[in-house]
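Worksheet for the structure shown next.
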Amino acid sequence: MAKERTRYVCQSCGRVTPAYMGRCPRCGEFDTMVEEVVVDTAATAKNRRAGSYGASRPTRLAEVAADGFERLTLPLPEFVRVLGGGIVPGSLVLVGGDPGIGKSTLLLEVAALMANHHGSTLYVSGEESSRQIKMRADRLGLAAEDLFLVTETKLSAMMDHIADIKPVMVIVDSIQTTYAEDLTSAAGSVSQVRECASRFQELAKNVGVTIVLVGHVTKEGAIAGPRVLEHIVDTVLYLEGDPFHRYRLLRSVKNRFGPTSEVGVFEMVEKGMVEVLNPSEAFLAERQVNAPGSAIAVTMEGTRPLLVEIQALASSTTFANPRRTANGIDYNRLLLLTAVLTRRVRVPLHDKDVFVNVIGGLQIDEPAADLAIAVAAASSIKDRPVHADMSFVGEVGLSGELRAVSQLESRLKEAAKLGFKRCVIPRSAQKRAGEVPAGLEVIGCRTLHEAIEAALLPR
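One point on numbering: in our numbering, the residue at position 307 of the sequence shown is 308, and numbering is uninterrupted.
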């Protein structure tokens, strides 16, 4: 016999309480608690008491079998690398990104490759019809005999399809359109998203099928729904990029089976998402050498070194408060660097608007790009170009000193591979640079002032 119980769920953080509260005890938001009626059948009540995986028994660490862990590889190296070397059977993957960024296009390519190389694959769409997906597949030139398409939003129907087809991978596009019938809340609500993700997790672990969930994002760029959704899944991937730029970055922010912060670079073309195997070369392809305000930063995206061009422009302003515009870097980081340039290096920026842009639509978060940003700004204000064969690695401190960064040897190898002859690094990092590649001169500088004097061409 089915039983009904009432609970209240915070639409902001997902906190569940048995009684209504005007203010959520977890996030502190007011008027976010929404009433929900949950229908408990005899089976679900029994499962709730017994646990999702039945009776458990503690096992000694030495007795746990570690073999049988084999990844599924695909002829899509960028995607495979972000996942840590391949797709793990029985894993639950969450893919997020802005609307129109290319999530469905990329996952349809992955589904076709899985069907052609490893067996039946099921693509479940709650937003598009099978005909629309077929039209996209034809446009992308995809053909897969064992790729099954279905338009469905009901969770129980999806489970039936999975039981019938027995696929090796299931792609659900999207988790916000999926709903469980025993919950009275609407699809996309906090309780629906959490419950559906939990049941997909149980299915993946018990059956061994890989399930990929597509998640909508909020205006701030985070996965929509409760934060617990990211804790349930094994891997969280974000597809980033500017819709007006052709490059897309697939970034791993959580991975239980591999390193985090790995990045795969793709290019959006008419035929779909194409891998960029040498992204540094692509980002520097249109670089204009001997142009003031341009510097090359050697940054790390996960375990991959990337060379990117950073452009800066300083122009006089008639306003009391000059503007600081940062595109691709943290705004507060730009304020810090302009303050250091003004105070420590005596570069007059108090009456100048400063604009900084990272070419290619990339977003750089690590402080190793500080030196290149500061050199580009100084080059613009002094109207002196940077040496065309020079790259920069280093963090800038508030006293104007240069601080060492990690993985310096990998950065130097990437710079040498792309033909750069000189690289400016902090002097304190020279002893830890390891073996310097042949043909690359390492210039160690103690302060930002020294680095700028070494970087700029004479008048």
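C-beta: ideal position from N, C-alpha, C; glycine also.
Where does residue i land, buried or exposed, given buried means 16+ other C-beta within 10 angstroms?
i, result
"K104", "buried"
"Y124", "buried"
"M115", "buried"
"L449", "buried"
"V191", "buried"
"F31", "exposed"
"S53", "Because the pLDDT of S53 is 45, which lies under 50, any placement of that residue in the model is unreliable, and the question is left without a value."
"C28", "exposed"
"V290", "exposed"
"A188", "buried"
"Y21", "exposed"
"D235", "buried"
"F245", "exposed"
"R49", "Only weak support is given to the placement of R49: the predicted model assigns it a pLDDT of 45, under 50, and the value that follows is read from those uncertain coordinates. Exposed, by the Cβ-count rule."
"R132", "exposed"
"K167", "exposed"
"A373", "buried"
"S130", "exposed"
"Y332", "exposed"
"R24", "exposed"
"M159", "buried"
"G55", "Model confidence at G55 stands at a pLDDT of 49, short of 50, so the residue's coordinates are unreliable; what they give is reported in the following sentence. Looking at its Cβ environment, which holds fewer than 16 other Cβ atoms inside 10 Å, G55 is exposed."
"K47", "In this prediction, K47 has a pLDDT of 48, which is less than 50 and means its spatial position is unreliable; what the coordinates show is noted afterwards. It is exposed - the Cβ of K47 has fewer than 16 other Cβ atoms within 10 Å."
Going by alpha carbons, who is nearest to residue i out of the options?
i, options, result
"E282", "R140, P26 and K418", "K418"
"V83", "S392, G401, V425 and G303", "G303"
"L109", "F149, M34 and G91", "F149"
"M136", "K272, K414 and P427", "K272"
"C14", "L75, E410 and V35", "V35"
"G101", "R249, V65, G29 and A430", "R249"
"E231", "V210, N207 and Q202", "Q202"
"H119", "M170, E79, S130 and D139", "M170"
"R1", "V443, R460 and I88", "This structure gives no information on residue 1, because the portion of the chain shown stretches from 2 to 460."
"M269", "T106, K422, P76 and A113", "T106"
"S253", "A389, F80 and L441", "F80"
"L482", "A439, V443, R344 and M391", "The chain is shown from 2 up to 460; residue 482 falls before or after that span and cannot be answered."
"V387", "D235, A198, E37 and A452", "A452"
"L403", "L441, L342 and Y180", "L342"
"P323", "D371, I311 and L350", "L350"
"P90", "N117, T74, P78 and M159", "T74"
"R385", "A313, V437, K353 and L336", "A313"
"V38", "P26, R6, I163 and G142", "R6"
"V218", "D99, K414, E287 and L457", "D99"
"P459", "P293, E415 and L336", "P293"
"K206", "S92, M159 and C25", "S92"
Considering just the uninterrupted stretch of the beta strand (DSSP E) at residue i, what are its terminal residues?
i, result
"K206", "That residue, K206, is in no beta strand (DSSP E); its alpha helix (DSSP H) goes V191 to V208."
"L240", "T236 to E241"
"I426", "R423 to P427"
"N328", "R325 to N328"
"F149", "L148 to T152"
"N358", "K353 to V359"
"R252", "Y248 to N256"
"G127", "Unbroken run through G127: none, as it is neither H nor E."
"V94", "L93 to G98"
"M391", "M391 to F393"
"L214", "T211 to G216"
"I444", "E442 to C446"
What residue does the alpha helix (DSSP H) around residue i start on, and which one ends it?
i, result
"Q133", "S131 to L141"
"L372", "D371 to K383"
"Y465", "The question about residue 465 has no answer here: the residues shown for the chain are numbered 2 through 460."
"T106", "K104 to H118"
"I88", "Looking at the DSSP string, I88 is not in any alpha helix (DSSP H), and its letter there is neither H nor E."
"P59", "Unbroken run through P59: none, as it is neither H nor E."
"A229", "The identity of residue 229 in the sequence shown is Val, whereas the question assumes Ala. That run of the alpha helix (DSSP H) goes V229 to I233."
"R82", "P78 to V83"
"Q272", "For the record, residue 272 in the displayed sequence is Lys; it is not Gln. Here K272 belongs to no alpha helix (DSSP H), and DSSP marks it neither H nor E."
"K414", "L409 to K418"
"M170", "Element bounds for M170: not the alpha helix (DSSP H) but the beta strand (DSSP E), M170 to D174."
"E454", "L449 to A456"
"M159", "L156 to I166"
Chain C beta carbons: is any one of them nearer than 9 Å to that of residue i?
i, result
"G209", "As a matter of chain content, chain C is missing from the structure shown, which is built from one protein chain."
When you measure from the CB of residue i to every non-hydrogen atom of the ligand GDP, does any distance come out below 8 Å?
i, result
"R347", "By its list of ligands, the structure shown contains no ligand whatsoever, and the ligand GDP lies outside what it can speak to."
Which full runs of the beta strand (DSSP E) of 3+ residues lie inside the segment 277-320, going along the chain? 295-302 and 305-317
Do the segment 360-379 and the segment 287-304 make contact, defined as three or more Cβ pairs closer than 8 Å? yes
For the 8 Å Cβ check, are there 3 or more pairs between the segment 351-359 and the segment 257-269? no
Inspect the CB distances between the segment 234-247 and the segment 60-67 and report whether three or more fall short of 8 Å. no
Count Cβ pairs between the segment 316-327 and the segment 408-424 that sit closer than 8 Å; are there 3 or more? no
The segment 385-404 contacting the segment 418-431, beta-carbon criterion three pairs below 8 Å: yes
Is the segment 159-178 in contact with the segment 210-220, if contact means three or more CB pairs nearer than 8 Å? yes
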